[in-house]
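The next block holds one structure in the form of structure tokens; read it before the comments.
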Amino acid sequence: MPTTQTSGTTRINPSSWNLALGFDQAQLRPAPTRLLTCAGQGSVDRDGRLVHDGDVTAQIALAVENVEDLLHRAGMDFGDVLHLTVHATDVDAVLAGYGLIAERFAPATPPATLVGVDRLAVPGMLVEITVTAGR
249 MPTTQTSGTT
259 RINPSSWNLA
269 LGFDQAQLRP
279 APTRLLTCAG
289 QGSVDRDGRL
299 VHDGDVTAQI
309 ALAVENVEDL
319 LHRAGMDFGD
329 VLHLTVHATD
339 VDAVLAGYGL
349 IAERFAPATP
359 PATLVGVDRL
369 AVPGMLVEIT
379 VTAGR
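Written as structure tokens, this is what we have:
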């Protein structure tokens, strides 16, 4: 697959296997004037309590909503995400629900990393999403 350029971002994909998961293998962007770094966001409410215990799809959805809230508070949106990291206690379960992540972060398709972990900080948390964004 060729390298493509849209709105100042050069998308670099030597192959196309990653496109079904909604991310580019690399992106070259102009340097942002503002950089947002986010702590991992999971399926927790405003008091830090786990929500959707045992339901990985619902946990993914709320983690993405929590990321979106941080982006909006910084005056940004999903199109400003430069990199996405997903930590999962069950990689196969998260891959089964990954379409939700790909859908919400499209059309930006930021480079992404999925990491399997034994556990996350909040007992019962199955997925945690960390982003770096810039504008």
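In our numbering, the protein residues as written are 249 to 383.
Backbone N, C-alpha and C fix where the C-beta goes; we use that ideal spot for every residue, glycine too.
query                                                                                               : result
Close Cβ partners of Ala360 (< 6 Å) along its chain, the five nearest in sequence each way excluded : Phe271, Leu332
8 Å Cβ shell around Thr258 - same chain, five flanking residues per side excluded                   : Thr251, Thr252, Gln275, Leu276, Arg277
Selection from Ala341, Val370, Ala322 that minimises the alpha carbon distance to Val379            : Ala322
Assigned exposure category for Leu284 - 16 Cβ within 10 Å defines buried                            : buried
Reduced DSSP secondary structure (H/G/I, E/B, other) of Val304                                      : helix
Contact set for Ala337: own chain, Cβ-Cβ below 8 Å, skip 5 residues either direction                : The displayed chain sequence assigns Thr, not Ala, to residue 337. Once the five neighbours on either side are set aside, the close Cβ partners of Thr337 are Gly364, Val365, Asp366, Arg367, Leu368, Met373, Leu374, Val375.
Three-state secondary structure assigned by DSSP to Arg352                                          : helix
Residue interval of the beta strand (DSSP E) (run including Val329)                                 : 329–336
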